[in-house]
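Student:
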Amino acid sequence: MTENLLFAFGLTLMAGLATGIGSLVAFFASTTNTKFLALTLGFSAGVMIYVSMIEIFVKAQDALVAAAGNQMGNWITVGAFFGGMILIAMIDKFVPKQGNPHEGKKVEDMQRSDTAVRNANLLKMGKFTALAIAIHNFPEGIATFTSALQDPALGIAIAVAVAIHNIPEGIAVSVPVYYATGDKKKAFKLSFLSGLSEPIGALAAFLVLMPFLNDFTFGIIFAAVAGIMVFISLDGLLPAAKKYDEGHLSIYGLISGMGVMAISLLLFI
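Each residue of the sequence shown is one higher than the one before, starting from 1 at the first, in UniProt numbering.
1) In its own chain, which residues sit with a C-beta less than 6 Å from the C-beta of G257, not counting the 5 before and 5 after it?
2) Using C-beta distances below 6 Å, list every residue in its chain close to A202, excluding the 5 sequence neighbours before and after it, in chain order.
3) Do A67 and G195 count as a contact pair if the criterion is CB distance below 8 Å?
4) What is the rounded straight-line gap between the Cα of L209 and the Cα of T217?
5) What's the call for M90, buried or exposed, on a 16-neighbour Cβ count within 10 Å?
6) Should P211 go down as buried or exposed, given a rule of 16 or more other Cβ atoms within 10 Å for buried?
7) Assess, as a yes-or-no matter, whether the stretch 15 to 22 is touched by the stretch 223 to 238 under the definition of 3 or more beta carbon pairs within less than 8 Å.
8) Quick one: Cα of A80 to Cα of H165, how far?
9) In whole angstroms, give me the CA-to-CA distance for L41 and S250.
10) Quick check on I216: does DSSP put it in helix, strand or coil?
11) As a quick exercise: from K242, I263 and D151, pick the residue whose alpha carbon is nearest that of E3.
12) Classify Y178 as helix, strand or coil using the three-state DSSP reduction.
13) Just tell me which of L87, S174 and I135 has its CA closest to the CA of I21.
14) Nearest by alpha-carbon distance to L87: which of A159, N74 and A143 is it?
15) For Q61, which of A187, I167 and A223 has the nearest alpha-carbon?
16) Just how far apart, CA to CA, sit K59 and L149?
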């Protein structure tokens, strides 16, 4: 049990700290590799959508049907699924556009004038962006942790998908903080710290949910996680991928992500 907990925490930490990779990309690249972003964001969306609908939702349904009976279990599964969507939608609603992690930014955006770099309003916006992403990533930490705890193979797939989509979020933190302060170290630190909200989410799940973890609570959590991941994919990842898209790279990435996830799940049957 201890090994499973450490494994789940480790995966969640890895996924969260991928925001730091986004900062490094922003600092050491002169331009954004839009083809790579379109492909990988599409891939991440494909993984999330497939695993949510084919694996996580079904496991949640099985657990809730076993705990509450066929009819009630199915109703609760659907309710928790859409409840997860509503939760993440509400988080997005209260995050203004300039601080929303779904609003992508490019490395080129860091090239600002000295006047803009010293602008106090931009500094305030940069700090708020980091806070907004930290809030946004909290439920993702719960999703990664609970998935890894229940099924390590599933947890790895989700952690990889979350990590991929956290890289451009790291850029989204670093860009405004950097051109607000002119300080790369500060921008990296805030980006890095915003990613720590995911292991904090895992810790919250461990402290609050673990004592009550049975078929019923597990089913509700998993169904909500499926809803959260589908919403993130459709509202954030795919629009961002299309924004950077050239040709049909985002769709190719989406199909590739689904295919890799499908094969991975078959190998672990």
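Just so it is clear, CB atoms sit at the ideal spot from N, CA and C, and this is done for glycine as well. Because the structure is a prediction, the values reported are computed rather than measured.
Tutor: On the basis of the supplied data:
1) Residue mapping note: residue 257 aligns to position 257 of the sequence shown, counting from 1. F43, G46 and V47.
2) Within the sequence shown, numbered from 1, the residue matching residue 202 stands at position 202. The answer, listed in chain order, is F9, T12, G141 and F145.
3) On the sequence shown, residue 195 is found 195 positions in, with the first residue counted as 1. On the sequence shown, residue 67 is found 67 positions in, with the first residue counted as 1. No. Outside cutoff.
4) On the sequence shown, residue 209 is found 209 positions in, with the first residue counted as 1. On the sequence shown, residue 217 is found 217 positions in, with the first residue counted as 1. The alpha-carbon atoms of L209 and T217 are separated by roughly 8 Å.
5) Here residue 90 corresponds to residue number 90 of the sequence shown, with the count starting at 1. Burial call: exposed.
6) Residue numbering aside, residue 211 sits at position 211 when the sequence shown is read from its first letter. It is exposed - the Cβ of P211 has fewer than 16 other Cβ atoms within 10 Å.
7) no
8) Taking the first residue of the sequence shown as 1, we reach residue 80 at position 80. Taking the first residue of the sequence shown as 1, we reach residue 165 at position 165. In a straight line, the C-alpha of A80 is about 24 Å away from that of H165.
9) Numbered from 1 along the sequence shown, position 41 holds the residue referred to as residue 41. Numbered from 1 along the sequence shown, position 250 holds the residue referred to as residue 250. In a straight line, the C-alpha of L41 is about 7 Å away from that of S250.
10) Mapped onto the sequence shown, residue 216 falls at position 216. For the record, residue 216 in the displayed sequence is Phe; it is not Ile. If DSSP states are grouped into helix, strand and coil, F216 belongs with the helices.
11) Locating residue 3 in the sequence shown gives position 3, counting from the first residue. Closest option to E3, Cα to Cα, is D151.
12) Taking the first residue of the sequence shown as position 1, residue 178 is located at position 178. Residue state, collapsed to three classes: helix.
13) Position 21 of the sequence shown, counted from the first residue, corresponds to residue 21. Answer by Cα proximity: S174.
14) Locating residue 87 in the sequence shown gives position 87, counting from the first residue. That would be A143, whose Cα lies nearest to the Cα of L87.
15) The sequence position of residue 61 within the sequence shown is 61, counting from 1. For the residues A187, I167 and A223, the minimum Cα distance to Q61 belongs to A223.
16) In the sequence shown, residue 59 corresponds to position 59, counting from 1. In the sequence shown, residue 149 corresponds to position 149, counting from 1. K59 and L149: Cα-Cα distance of roughly 13 Å.
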